[in-house]
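Structure first, then comments.
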Amino acid sequence: MSEENIFERNRAAWNEASGYHQKARNGSLAERFKDPAFTTFNRACDQNLNEKLRQIDFHGKTISHIPCNNGRELLSLMKLGAREAVGFDISDAAILEAEQLTQIAKLNAKFVRTNVLDIDSKYNNSFDFIFISQGSLQWFPDLNDYFSVIARLLKKDGKIIISEIHPFKYFFENGFSFKEQNFDKLTSYFETEPNSYPTGLDYIGNVEYDSSECFWFMHKMSDIITAILHNGIEIEDFDEYQNDMDGTPDPAVEGKFPFSYLITARKK
């Protein structure tokens with residue numbers, strides 16, 4: 001299957017999932033963004049990320065979130081003092097919701113529906129800061145392609161923060177449990193074939209449904225770091241954490257594996 005076909009199927013799956021997410025939130029995001037002080041970075045698991053963000057001077061800066069989903073995190077970042085923001089995402093439904101939230105929040109943000117790998121060259125060298133959030137990298141077959149886009153969009157000395165799910169977490173993504181000893185469900189760290197989510201992408205309401213076919217990819221930590229470095233981006237900090245952004249997948253391993261990480265990097 002071609003990459004173009006993979007991305008279009010993922011686009012359809014995320015459009016489908018967006019309806020479940022909005023139903024689960026029941027308008028709560030729109031209501032919360034009416035408050036100028038509201039931020040989505042208020043969860044206990046965001047403490048480490050917040051500390052990193054507070055070390056960056058956002059005042060007067062142009063920022064981006066790639067991919068941006070429904071814009072909630074980019075709008076929250078704007079409240080740290082950024083002058084303007086542009087978010088990019090493949091999902092039509094997510095971009096539509098982002099535009100609606102922007103109107104409610106009254107912030108200077110723009111959202112573009114596109115395959116991230118096809119972001120228009122007019123945005124080259126445009127951003128002082130790019131945010132990459134949890135569950136983003138797994139949707140790209142080739143991380144070198146992804147980070148080549150990030151590099152061309154960043155200004156010289158522009159920064160990125162990656163707040164992501166650790167590859168170890170994906171061991172459990174297909175239902176593996178140490179208690180069950182069902183090793184046939186263990187995702188290989190070295191898996192190169194695409195995986196799928198047949199029961200849907202509703203990580204908000206956790207409703208299972210017969211999902212449109214979609215594909216995600218396992219990436220080793222070395223794949224991630226190498227792709228960053230090979231695109232002229234210098235890693236300044238790399239930290240691993242035991243806290244899981246979505247809850248511990250298996251209580252038997254709580255505190256024994258890294259389930260999340262943060263990378264701060266700068267374009268040379």
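In this text, residue positions in the sequence shown follow the UniProt record's numbering: the first is 1, and each later residue adds one. Glycine included, each C-beta is placed from N, C-alpha and C at the ideal position.
- Put simply, of Glu84, Asn69 and Lys52 the residue whose alpha carbon is nearest the alpha carbon of Ile63 is Glu84.
- Taken through DSSP and simplified to helix, strand or coil, His21 comes out as helix.
- Excluding its 5 nearest sequence neighbours in each direction, Ser2 has no C-beta neighbour in its own chain below 6 Å.
- Unbroken beta strand (DSSP E) runs of no fewer than 3 residues, entirely contained in the stretch 189 to 244, are found at 233 to 241, following chain order.
- Looking at the DSSP output, Ser64 bridges to Val86 and Ile130.
- Note on the stretch 1 to 48: whole alpha helix (DSSP H) runs with a minimum of 4 residues are 3 to 25 and 28 to 32, in chain order.
- Separation of the CB atoms of Ser136 and Ser18 is rounded to 16 Å, and the pair is thereby denied contact status at 8 Å.
- Ser196 sits exposed, since fewer than 16 C-beta atoms from the chains shown fall within 10 Å of its C-beta.
- In this model, Lys185 and Glu173 are separated by some 8 Å (Cα to Cα).
- As DSSP reads the structure, Tyr261 sits in a beta bridge with Glu164 and Glu240.
- The three-state secondary structure of Phe58, taken from DSSP, is coil.
- Cβ atoms of Phe190 and Gln138 stay farther apart than 8 Å, at about 15 Å.
- DSSP lists Ile233 as the beta-bridge partner residues of Lys267.
- For Lys52, the three-state secondary structure derived from DSSP is helix.
- Here Lys106 carries a coil assignment [DSSP, helix/strand/coil].
- Inter-residue distance for Lys220 and Lys256 is about 18 Å (C-alpha atoms, whole angstroms).
- Taking a contact to require three or more Cβ pairs closer than 8 Å, the stretch 106 to 115 and the stretch 69 to 80 qualify as touching.
- Rounded to whole angstroms, Asn115 and Asp89 show a C-alpha spacing of 7 Å.
- Assigned with DSSP and collapsed to three states, Phe178 falls in coil, not helix or strand.
- For Phe33, the CB contacts under 6 Å within the same chain, skipping 5 residues up- and downstream, are Leu101, Ile104 and Ala105 in chain order.
- Bridge partners of Lys159 according to DSSP: Phe129 and Arg266.
- DSSP places Leu154 in the strand class (E or B) of the three-state scheme.
- Taking the C-beta atoms as reference points, Ala151 is found nearer than 8 Å to Ile233.
- By the CB criterion at 8 Å, Ile132 and Glu164 fall inside the cutoff.
- Boundaries of the alpha helix (DSSP H) around Ser76: Arg72 to Met78.
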